[in-house]
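Undergrad: Please read through the structure below; I'll follow up with questions.
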Amino acid sequence: MEKSKIITVFGATGAQGGGLARAILSDSNSEFKVRAVTRNADSEKAKALAQLGAEIVEADIDDAGSIKKAVEGAYGAFFVTFFWEHFSAEKEYQEVADFAKAAKEANLKHVIWSTLEDTRNWVPLDDDRMPTLQGKYKVPHFDGKGAADKLLVDAGLPVTLLRTSFFWDNFIHFGMGPQKGEDGNYYIAFPLDDKKLCGMGAEDIGKCAYGIFKNGNGSVGEIIGIVGEKLSGGEMAAKLSKALNINVIYNNVSPDTYRSFGFPGADDLGNMFQFKRDFNEDFNAVRSEEVSKELNPELQNFDEWLAVNASSIPID
């Protein structure tokens, strides 16, 4: 019997990497084994993956040596970074530089990098339609990842650039869920006008990544965009109303208003939504429901995701 191919999964105890690890581990016919990377092998999530059959390794993506050890002897790797822990696009860029070097030295046969667009290709720094942040970015949590794509491609790695979508899980964990107004109604606020927002369940990102690994290593720098469903703010509000049994209204605020909300990263997210609104066709065209469904037959639309997750959305 052919030896199982090891996939080193970074962020294995997070939403994206965890989705990939569980997708592989739950497939009894899989040709892959999971090497789950975590900073704490004693965490409950790491122990749960170990019980499912994963090899658990401790590594920190800010430690190049530990990245190198984590990918040694592996067939492939899933790379993901964690911008919202530190808010530094430059740190993300360095982490990807270390990913690229380690992957090249380990001669990995297939790398998937969870990434996003560099919005400066659409909105140059001297374009004042949206403010420049941190001195050299428009949407830092996009731009650092998008700029880092080149590091993996230029290394000649068999890399798939996986363009992800808005996580519906943000309604649960990121404070974007319906907020109660003084009138008794609930509101979700986005600066999107009537444009469609590409969204998906974070767990489905990992499942789509598994589909990509199963399909083979593709070409260097292949871009695959994934999405569960494309919905306007009004459509999301209507579906939330039904699932939560409350009246949710879409509040279409201006990007300036969103940037002024004051929570950490509000300026970054305000710029992000403005980018998705102003370049909606470009952004949405890259992300295909059909392709996503082929990669992940269990792909959820928003109603299906809500059926499982609505009870976890905090309602005041």
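Heads up, the numbering used here is the position in the sequence shown plus 26, with the first residue counted as 1. Glycine residues also receive a C-beta, built at the ideal position from the N, C-alpha and C atoms.
Within the segment 66–131, note down every full alpha helix (DSSP H) run reaching 4 residues or more, in order along the chain.
TA: Listed in chain order, they are 70–78, 90–97, 115–131.
Undergrad: Taking DSSP's pairing of strands, which residues face residue 225 in a bridge?
TA: For this step, residue 225 is matched to residue 199 along the sequence shown. Beta-bridge pairing links residue 225 to 192, 255.
Undergrad: What are the boundary residues of the alpha helix (DSSP H) that residue 331 is part of?
TA: Reading the sequence shown from its first residue, position 305 is the one you call residue 331. Residues 328–335.
Undergrad: For residue 58 and residue 89, what's the separation of their Cα atoms in angstroms?
TA: Along the sequence shown, read from residue 1 onward, the residue named residue 58 stands at position 32. Along the sequence shown, read from residue 1 onward, the residue named residue 89 stands at position 63. C-alpha separation (whole angstroms): 26 Å.
Undergrad: Give every residue of the same chain whose Cβ lies closer than 7 Å to the Cβ of residue 27, excluding the five residues on either side of it in the sequence, and list them in chain order.
TA: Along the sequence shown, one-based indexing puts residue 27 at 1. With a pLDDT of 40 at residue 27, under the threshold of 50, the modelled position of this residue cannot be trusted; read the value that follows with caution. Excluding positions up to five away in sequence, the list is empty.
Undergrad: Between residue 249 and the ligand MG, is there a pair consisting of the residue's CB and a ligand heavy atom that are separated by less than 8 Å?
TA: Ligands displayed in this structure: none; no statement on the ligand MG is therefore possible.
Undergrad: Residues in its own chain within less than 7 Å of residue 118 by CB, not counting five upstream and five downstream?
TA: Counted from its first residue, the sequence shown places residue 118 at position 92. Closer than 7 Å at the Cβ level, and outside the excluded window around residue 118, lie 107, 109, 170, 171, 174.
Undergrad: With DSSP as the reference, identify every bridge partner of residue 60, one or two as the case may be.
TA: Walking along the sequence shown from the start, residue 60 turns up at place 34. Partner(s): 33.
Undergrad: Only counting the same chain, and skipping five residues up and downstream in sequence, which positions put a Cβ closer than 8 Å to that of residue 292?
TA: Taking the first residue of the sequence shown as position 1, residue 292 is located at position 266. Closer than 8 Å at the Cβ level, and outside the excluded window around residue 292, lie 284, 285, 286.
Undergrad: Following the continuous beta strand (DSSP E) through residue 179, name the residue where it begins and the one where it ends.
TA: Here residue 179 is taken as the residue at index 153 of the sequence shown, counted from 1. Taken as a continuous stretch (DSSP letters only), residue 179 belongs to no beta strand (DSSP E), being part of the alpha helix (DSSP H) at 166–180.
Undergrad: Near residue 145, which residues of its chain fall below 7 Å by C-beta distance, leaving aside the five closest residues on each side in sequence?
TA: Position 119 of the sequence shown, counting from 1, holds the residue named residue 145. Here the set comprises 164, 165, 168, 169, 301.
Undergrad: Please list the terminal residues of the continuous beta strand (DSSP E) segment that includes residue 314.
TA: The residue given as residue 314 occupies position 288 in the sequence shown. It is not in any beta strand (DSSP E) - residue 314 carries neither H nor E in the DSSP assignment.
Undergrad: Since residue 151 contacts residue 162 with CB under 8 Å, what's their CB separation in whole angstroms?
TA: Sequence index remark: in the sequence shown, residue 151 carries index 125 (1-based). Sequence index remark: in the sequence shown, residue 162 carries index 136 (1-based). The Cβ separation is near 7 Å, so the contact holds.
Undergrad: Does the segment 43–58 come close enough to the segment 67–83 to have 3 or more Cβ pairs within less than 8 Å?
TA: Verdict: yes, contact present.
Undergrad: Which stretch, first to last residue, makes up the beta strand (DSSP E) that contains residue 141?
TA: For the purposes of this step, residue 141 is identified with residue 115 of the sequence shown, where counting begins at 1. That run of the beta strand (DSSP E) goes 136–141.
Undergrad: Count the other CB atoms within 10 Å of the CB of residue 338; is the residue buried (16 or more) or exposed (fewer)?
TA: Translated into positions along the sequence shown, residue 338 becomes position 312. Residue 338 should be labelled exposed.
Undergrad: At the level of alpha carbons, what is the spacing between residue 250 and residue 206?
TA: Taking the sequence shown and counting its residues from 1, the one referred to as residue 250 is at position 224. Taking the sequence shown and counting its residues from 1, the one referred to as residue 206 is at position 180. Roughly 38 Å between the two C-alpha positions.
Undergrad: Can you give, in chain order, each stretch of the alpha helix (DSSP H) that sits fully within the segment 264–306 and has at least 4 residues?
TA: List check, alpha helix (DSSP H) in window: 281–285, 292–304.
Undergrad: By alpha-carbon positions, which one of 222, 329, 262, 133 ends up nearest to residue 97?
TA: Your numbering for residue 97 matches position 71 in the sequence shown. Per the Cα distances, 133.
Undergrad: Could you work out which residue in 191, 137, 232 is closest to residue 315 when comparing CA atoms only?
TA: Taking the sequence shown and counting its residues from 1, one reaches residue 315 at position 289. Checked all of 191, 137, 232; the closest Cα to residue 315 is 191.
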